[in-house]
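A short write-up of the structure that comes next.
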Amino acid sequence: MQGSGAAHLSDDVLAGVITAILLVPQGMAYAMLAGLPPEMGLYASILPPIVYALIGSSRTLAVGPVAVAALMVANALSTHFGNESSEAALAGAMILAAETGALLLLMGIFRVGTLVSFISHPVLSGFTSGAALLIVSSQLKHLSGIQLERGDLFATVIPFFQRIGDIHVPTLMFGLISILLLLLARKPMARFLVARGIPHSTAAIIGRMAPLVIVIGSTVVAGVSQAEGYGLSVVGAIPGGLPVPDLDFLSAEGWVALLPSAVLIALVGYVESVSVAKVLAARRRQKIDANRELTALGMSNIAAAVGGAMPVAGGFSRSVVNFDAGARTQFAAIVTATLVAVVAAFFTDWFYYLPNAVLAAIIVVAVVQLVDISGAVAIWRYDRADGIALLATGLAVPFLGIESGLLIGIGLSLVLYLWRTSQPHMAILGRVPDT
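So the mapping is simple: the numbering used here equals the position in the sequence shown, first residue as 1, plus 2.
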């Protein structure tokens, strides 16, 4: 057992380092998606993963800021506070994290984890695909330099094309080049390196370092060229230091107004987390305790609130990277959180000239994989009712809003469930003669 433990330790350390390389730029990007300062994304990557590591049942789930929850946070804050960067909105993000955590804990206490299975896979697939389109449209302003209001697909795409002549070329170049490099770094780069004799595992690690390399490279280019003086939007000053536990948000306004949004964030975050955890656990014949996950994710979100961060969940791409990098236990998450803490404490000044267009590119490339076209086609061919539910949810989210789309999806799931249970398959058995 000791030898096995030592082997797992080295695997976990390597996986933790690789995941941290992805999480540092991703955390800042998802904070920007939520309309929050970049440090809140870093803070969400420190305490919550450690808490989950101590409680959760998944050995490889990577907890932290996620794209869909970040978009839901942005929608809630802009609805209730207008200017997301205001002090009230920052406290609102912590309130959302606290309410999300409390709701998940209550669900865990009453052991209702299995009830979430009422949300069918087609509806969940449609929701994530629609959310991905909405997320991409929300990043058009950062990729183009055109000032656009936050809203549904029509509210962003139509004004974008109406003002396409106002595109800021340096911003567009940073964004497009970053997207291209991130896409090439996925599979094409790995194939190229393997063809040159580099081991597949090494090639995969190099590819996963791409986001951080692009962040550093673009920051250097923007700083040396003084691109900020030519109108390029950059991250700017990020306060250094570790998150200090703070309960001031408890006296802030917005607890009642934000509660409906927190319910949906808790639901989506839990479903996404457990779905990823089950897929990864099945690969190693491990099991996931749904109710234990509720408790772990609930405590992680409360830790996020106390640590001055946004709501968290298990991230799909981040968890897959953690798994593929060889993580065996949640010690990998502790390594990741430690490295992010080091960056937050000592190296935030390095990101002053980081273009917002690069963070937008990271978001776009990360969420594109949420759009499962082949899966949607397969569902449509197999069961038209499921296909209609997927299509309706997928269209409702970008055109009606993420919360309305989710509620429509949940309603469709319940309708399909009731319809199918009311019409079970029946086979009439006859008596065999002479028996």
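Think of the CB as a built atom: it goes at the ideal place given N, C-alpha and C, for glycine as much as any other residue. Please read these numbers as outputs of a predicted model, since none were measured by experiment.
Secondary structure note for R320: its alpha helix (DSSP H) is the uninterrupted segment F318 to D326. Under the rule that a run must span 3 or more residues, no beta strand (DSSP E) segment is found entirely inside the segment 160-221.
Secondary structure of A359 (DSSP, three-state): helix.
Assignment of alpha helix (DSSP H) within the segment 37-97, counting only whole runs of 4 or more residues, yields 40-45, 49-57 and 69-83 in chain order. For the segment 104-162, the full-length alpha helix (DSSP H) segments reaching 4 residues or more read 123-140 and 142-146 along the chain. Using a C-beta cut-off of 8 Å, the segment 283-290 makes no contact with the segment 103-116, since fewer than three inter-stretch Cβ pairs fall below that distance.
Per DSSP, reduced to three states, the secondary structure at V246 is coil, with no helix or strand assignment.
In the three-state scheme derived from DSSP, where H, G and I count as helix and E and B as strand, A315 is classed as strand. Judged by pairs of C-beta atoms under 8 Å, the segment 380-395 touches the segment 403-411, as three or more such pairs exist. Remark: three or more beta-carbon pairs, one from each stretch, lie closer than 8 Å, so the segment 339-352 and the segment 239-252 are flagged as touching.
If you ignore the 5 residues before and after L16, its C-beta comes within less than 8 Å of the C-beta of A327 and G328, all in its own chain and listed in chain order. Between A339 and P40, the alpha-carbon positions lie close to 16 Å from each other. Under the three-pair Cβ rule at 8 Å, the segment 168-188 counts as touching the segment 223-235. DSSP, reduced to helix, strand and coil, places V15 within a helical segment of the structure shown. In the DSSP assignment, Y419 falls within the unbroken alpha helix (DSSP H) covering I404 to S424.
Looking from the CA of A22, the closest CA among A46, G377 and P400 belongs to A46. V337 sits in a helix when the DSSP states are folded into three classes. Per DSSP, the beta-bridge partners of V236 are P357. Residue I336 holds the alpha-carbon nearest to the alpha-carbon of V53 among V379, L372, I336 and L418.
For P262, the enclosing alpha helix (DSSP H) stretches over residues W257 to R285. Pairing M301 with G199, the inter-Cα distance amounts to about 46 Å.
Secondary structure note for T297: its alpha helix (DSSP H) is the uninterrupted segment A292 to V308. For A378, the enclosing alpha helix (DSSP H) covers residues I375 to Y384. When DSSP states are grouped into helix, strand and coil, P400 belongs to the helix group.
Short of 8 Å from the beta carbon of L185, and not among the five residues preceding or following it, lie these beta carbons of its own chain, in chain order: V367. Taking a 10 Å sphere around the C-beta of H144, we find 16 or more other C-beta atoms and assign the residue as buried. Look at F349 here: in three-state DSSP terms it is coil, with no helix or strand label.
In the structure shown, L372 adopts coil according to DSSP, grouped into three states. Three or more Cβ pairs closer than 8 Å define a contact, and the segment 63-78 meets that threshold against the segment 135-142.
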